[in-house]
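To convert, take the position in the sequence shown, counting from 1, and add 115; that gives my numbering. Everything below concerns the one structure shown next.
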Amino acid sequence: MNNTKSQELYKKGQKHLVGAVNSPVRAFSSVGGNPLFMSSASGSKIYDVDGNEYIDLVLSYGPMILGHGNEKVIQAVQQQVARGFTFGASTEDEIILAKMVCNAFPNMDKVRFVNSGTEAILSAIRLARAFTGKNHILKFAGCYHGHTDALLVAAGSGLATLSIPGSAGVPKEAVQNTLIAEYNDIDSVKKHIAECDDIAAVFIEPIAGNMGVVLPSDEFIKELRAITKAAGILLVIDEVMTGFRSKFGGAQDLLGIEADITCLGKVVGGGFPVGAYGARNEIMNMVSPLGPMYQAGTLSGNPVAMAAGISTLTELKAQNPYDKFNEQAATIEKALLAAAKENGIDLTVNRFGSMINPFFSAKTITNFNEAQECDTEQFTKFFWGLIENGIYIPPSQFEGWFLCSVLSDGDIEKIVNAINSAMAEIDN
Ligand SMILES: *Cc1c(COP(=O)(O)O)cnc(C)c1O
């Protein structure tokens, strides 16, 4: 495989960009080698600057659920671009997207659009504190909720990939009200609730996707909902990754629980910078201009991004790819397990809808500690094997793979063949 141009750009990029990237996972630090620079994408494929073609299982870490360059989305975006980029005033499209989102999630009467998942989360922290009058927040080790100070502890993927516990520059005052519990361990939550009567909210990824894909047990997630409710603690379900991924709506529906506050990002903007937080009226009416909690944004509800969001969700609803996602993910899981067995490699696969993750471990993976015990060297070899065979997956053991709705049977066959080749190369 030729990646001369990627290598040149990587060298050039380091001069004025930090590590030649604008988000750390793109630097490929944990898998060695140089990052790929992309030039275009279409449907299920993405092309690097050297002209190599890959089936894209990264999908910009989730947003591109329809694949790249959906015609209807392109049209909607182009029409809006011609009408204007941003007005700093309200538009009808914001109302349309708000209605679509509120209808798709339980317990959501109103929503506020922001520009990223991180921004949705940091706003939700402020809102939960404003509504409850309490200050502590509880999160789970290995869950990532964006890079806001208060939740940037034990934060999964990016940090786990770089093997750092937290970030420099986060004052201890910023995290002194943050409590950490263990995913799938309800006792670790009960302990905090027993010891602290100042908890405003529990933040959780309903399906964790930032320590690799990790599913909550039915008992854990239902009990979490029950004990937070009983203690007057808001449950903030971070559906930035899972929203519209495994059903039209959220993972909370599939798990049979309801959030007090839901956070969104990724798919809801159809590839443009959109985040959102929403809740029932009683909570959302705390937000300015109706209430005393201030939160604002020059580009929030940006017309082009709204057009992309509306057209993406409309198309997604029409296509309803969710059964197909389950079948395709099951095929990939089967191929991964068979190839690992064939080559005497320990492998566990977790999946939920269109999110799937192979862990190089013999154990079942139910929390961050278990995820961290994986053989990342085997993962690295497997990663480069897939790249060589034209499959682009996230350059980290701790990131899930995503499927898009235009993935064909031929694509799946290519993925399976690449898995077989890459797995056979691991111990060579
Ligand atoms: C990606 C992600 C975020 C952060 O969203 P950004 O748009 O990258 O700021 C927050 N929570 C979860 C679960 C995510 O996957």
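Ideal placement from N, C-alpha and C gives every residue a C-beta, glycine not left out.
Test item: CB-CB of residue i and residue j under 7 Å
i       : j       : result
Val-196 : Val-419 : yes
Met-215 : Leu-414 : no
Ile-170 : Ile-506 : yes
Gly-327 : Phe-474 : yes
Val-173 : Ser-121 : no
Asn-233 : Gly-261 : Before going on, a small fix: residue 233 reads as Thr here, not Asn. For Thr-233 and Gly-261, yes; Cβs fall inside 7 Å.
Met-399 : Lys-225 : yes
Met-356 : Gly-177 : yes
Asp-539 : Asn-458 : Note on identity: in this sequence residue 539 is Ala, with Asp being the wrong assignment. Cβ distance < 7 Å, so Ala-539 and Asn-458 count as in contact.
Ala-315 : Thr-247 : yes
Ile-352 : Leu-212 : no
Ile-471 : Val-329 : no
Ala-265 : Ala-289 : yes
Ala-454 : Ile-534 : yes
Val-146 : Phe-497 : no
Leu-61  : Gly-281 : This structure gives no information on residue 61, because the portion of the chain shown stretches from 116 to 543.
Tyr-259 : Asn-325 : yes
Arg-340 : Ile-372 : yes
Tyr-125 : Arg-227 : no
Lys-362 : Leu-369 : yes
Sequence-distant residues of the same chain with beta carbon closer than 8 Å to residue i, five excluded per side
i       : result
Ala-422 : Ala-191, Val-192, Gln-194, Gln-195 and Asp-208
Leu-181 : Val-188, Gly-385, Thr-427, Glu-430, Leu-431, Gln-434, Cys-519, Ser-520 and Val-521
Met-153 : Ile-161, Tyr-162, Asp-163 and Val-164
Thr-263 : Thr-233, Ile-236, Leu-237 and Ile-240
Leu-405 : Met-399
Glu-338 : Ile-301
Where residue i falls, given that 16 or more other Cβ within 10 Å makes a residue buried
i       : result
Arg-244 : buried
Thr-119 : exposed
Pro-321 : buried
Leu-501 : buried
Glu-504 : It is Asn, not Glu, that sits at residue 504 in the sequence shown. Looking at its Cβ environment, which holds 16 or more other Cβ atoms inside 10 Å, Asn-504 is buried.
Asp-333 : exposed
Asp-438 : exposed
Gln-291 : exposed
Ile-541 : buried
Ala-544 : Any question about residue 544 goes unanswered here, given that the chain covers just 116 to 543.
Asn-543 : exposed
Gln-129 : exposed
Ile-460 : buried
Met-116 : exposed
Gly-257 : buried
Ile-348 : buried
beta-carbon residue i near ligand 1 non-hydrogen atom, thresh 6 Å
i       : result
Thr-119 : no
Asp-353 : yes
Gly-284 : no
Gly-380 : yes
Thr-233 : yes
Met-408 : no
Met-356 : yes
Gly-248 : no
Gly-261 : yes
CA nearest to the CA of residue i, picked from the options
i       : options                               : result
Phe-494 : Phe-513, Ile-480 and Leu-414          : Phe-513
Leu-462 : Ser-469, Gly-468 and Glu-448          : Glu-448
Phe-467 : Arg-360, Ala-454, Asp-375 and Lys-432 : Arg-360
Phe-483 : Cys-311, Leu-266 and Ala-323          : Ala-323
Ala-394 : Ala-366, Asn-137, Asn-218 and Ala-411 : Asn-218
Trp-516 : Ser-175, Ser-523 and Ala-486          : Ser-175
Asn-230 : Leu-452, Gly-390 and Met-408          : Gly-390
Gln-443 : Ser-469, Leu-451 and Leu-452          : Ser-469
Phe-387 : Gly-203, Leu-132 and Met-179          : Met-179
Asn-417 : Lys-127, Gly-148, Ser-205 and Asn-117 : Ser-205
Ala-411 : Val-383, Gly-203, Ser-159 and Asn-149 : Gly-203
Residue i beta carbon near ligand 2 (any heavy atom closer than 6 Å)
i       : result
Glu-320 : Absence of ligand 2 is noted for the structure shown, with ligand 1 being the only ligands found.
Contacts around residue i, its chain only, beta-carbon distance under 6 Å, and the 5 residues preceding and following it disregarded
i       : result
Thr-343 : Val-317 and Leu-350
Gly-544 : In the structure displayed, the chain extends from 116 to 543; residue 544 sits before or after that span and is not available.
Gly-134 : Ala-142
Phe-335 : Asn-299 and Ile-301
Pro-509 : Val-173
Phe-440 : Gly-468, Ser-469 and Leu-518
Ala-450 : Val-531 and Ile-534
Proximal residues to residue i (C-beta, below 7 Å), its chain only, five neighbours per side dropped
i       : result
Ala-296 : Leu-253, Phe-255, Ser-303, Val-304 and His-307
Asn-250 : Arg-244, Asn-292, Asp-313 and Ala-315
Met-408 : Arg-241, Leu-242, Ala-245, Met-401 and Val-402
Ala-536 : Position check: residue 536 holds Ser in this sequence, whereas Ala was assumed. The residues are Gly-500 and Asn-504.
Leu-151 : Asn-118, Ser-121 and Asp-163
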